[in-house]
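In my numbering, each residue's number is its place in the sequence shown (first place is 1) plus 865.
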Amino acid sequence: MAKLIILEGLSRTGKTTISNDLQSKGYGRIISLKEKMPDHCDLASFYKGTFISYDAFFKAFPEETFILDRSIVSEMVYSKFFGRVQAISNLEIHDFLCEHEIYLFYLWNEHLDYMKRLPKDRIVYDAKDYTRLKNLFETSLNGISQSTDWMAINTSKYNIDETINLIKHHLWTIPEYEQ
């Protein structure tokens, strides 16, 4: 069974930096889409295709640990936020979560810190939309909590090194990751 370390959450919270650090320390291999919101196709089809590809990839390498910088949770959140059809059904998400050994970390921050970290989003979110996204993430994560455990980390409270240490500490308490 493939093991997944998922870094999920709001923009500019350190997901990519943390993914790179975890990979460099031997915690797994990163799987990340360079283009998170492509202009050239319909997003629902794009995310459905990546979901199917990821699932097949994990099944092909059952002894590996992979690090995902964003996941199906983002699809759940952003489809609601932008008012489009969710590409992956809740049943498919539940099945995926149950079929894999998952360690999910939800990273969030305050809007002021998002702005200080120079957002690179196609859309720069104002405070109201950022709060709405945070609430959608929390609602979605609470909805899947029956399928997987997750840990929330406020990266406005903890700097990047402290956040990495929190994640590593959580992983180290799991026997297979002890060094």
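The beta-carbon is built from N, C-alpha and C at its ideal position, and this holds for glycine as well.
Using a threshold of 8 Å, state whether the C-beta atoms of VAL938 and LEU875 are closer than that. For the purposes of this step, residue 938 is identified with residue 73 of the sequence shown, where counting begins at 1. For the purposes of this step, residue 875 is identified with residue 10 of the sequence shown, where counting begins at 1. In this structure, LEU875 does not lie closer than 8 Å to VAL938 by Cβ.
Should the segment 1014 to 1024 be called in touch with the segment 972 to 990, which here means at least 3 C-beta pairs below 8 Å? Contact check between the segment 1014 to 1024 and the segment 972 to 990: three or more CB pairs, one atom from each, fall below 8 Å, which counts as touching.
Cα-Cα, which of ASP934, SER1010, ILE1025 is closest to ASP978? Here residue 978 refers to the residue found at position 113 of the sequence shown. The candidate whose alpha carbon is nearest that of ASP978 is ILE1025.
Quick one: what's got a C-beta closer than 7 Å to SER936's C-beta in the same chain, skipping five residues either side? Here residue 936 is taken as the residue at index 71 of the sequence shown, counted from 1. Cβ neighbours of SER936 beyond the five flanking positions: ILE871, GLU873.
LYS993 versus LYS890 - alpha carbon distance: Mapped onto the sequence shown, residue 993 falls at position 128. Mapped onto the sequence shown, residue 890 falls at position 25. LYS993 and LYS890: Cα-Cα distance of roughly 37 Å.
Measure the C-alpha to C-alpha separation of ASP991 and HIS976 and round it to an integer number of angstroms. Here residue 991 refers to the residue found at position 126 of the sequence shown. Here residue 976 refers to the residue found at position 111 of the sequence shown. Taking the straight line joining both Cα atoms gives about 8 Å.
Which residue comes first and which comes last in the alpha helix (DSSP H) that contains HIS947? Residue 947 sits at position 82 when you count from the first residue of the sequence shown. For the record, residue 947 in the displayed sequence is Phe; it is not His. No alpha helix (DSSP H) contains PHE947, which DSSP labels as neither H nor E.
Which word fits SER1010, buried or exposed, when buried means at least 16 other C-beta atoms lie within 10 angstroms of its C-beta? Taking the first residue of the sequence shown as position 1, residue 1010 is located at position 145. Exposed, by the Cβ-count rule.
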